[in-house]
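>
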Amino acid sequence: MHGITYESHDVLKDEDLREGIKTYSNWPTIPQVFINGEFVGGCDIMLQMHQNGELIEELRKAGIKSALLDKALKEEETKHADEAK
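For the sequence shown, full-length UniProt numbering begins at 1 and goes up steadily by one.
1. What residues match up with Glu38 in a beta bridge as DSSP calls it?
2. What is the C-beta distance between Leu68 and His9, in whole angstroms, given that I count them as a contact (C-beta under 8 Å)?
3. Going by beta carbon distance, what residues of the same chain come within less than 8 Å of Met49, once the five residues before and after it are set aside?
4. Quick check on this structure: which residue in Gly37, Leu47, Gln51, Lys13 has the alpha carbon closest to the alpha carbon of Ala62?
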């Protein structure tokens, strides 16, 4: 959706990894999302960040441009062009 490359790890295959990631992030549930090695949140937090636009800002801070930002800019330009007619 945001058009970014990501890595995934199936922590359900390795109990030590599953428990280790919970300890590392100090977060009790999985899945967990990290941006550039920094823990951002779990599924609920990521969904909330996506819905309120915070995710695009977090990606920007990490030097990652969201494809949704390009889409939003194009929609805004189209809206202004339509209003100018």
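Every residue, glycine too, gets a C-beta built ideally from N, C-alpha and C.
Computed from a predicted structure; not experimentally measured.
From the atom records:
1. Numbered from 1 along the sequence shown, position 38 holds the residue referred to as residue 38. According to DSSP, Glu38 bridges with Ile35.
2. Locating residue 68 in the sequence shown gives position 68, counting from the first residue. Locating residue 9 in the sequence shown gives position 9, counting from the first residue. Not quite, the Cβ-Cβ distance comes to about 25 Å (not below 8 Å), so this is no contact.
3. The sequence position of residue 49 within the sequence shown is 49, counting from 1. Here the set comprises Val40, Gly41, Leu55, Glu58.
4. The residue given as residue 62 occupies position 62 in the sequence shown. Comparing Cα positions, the closest option is Gly37.
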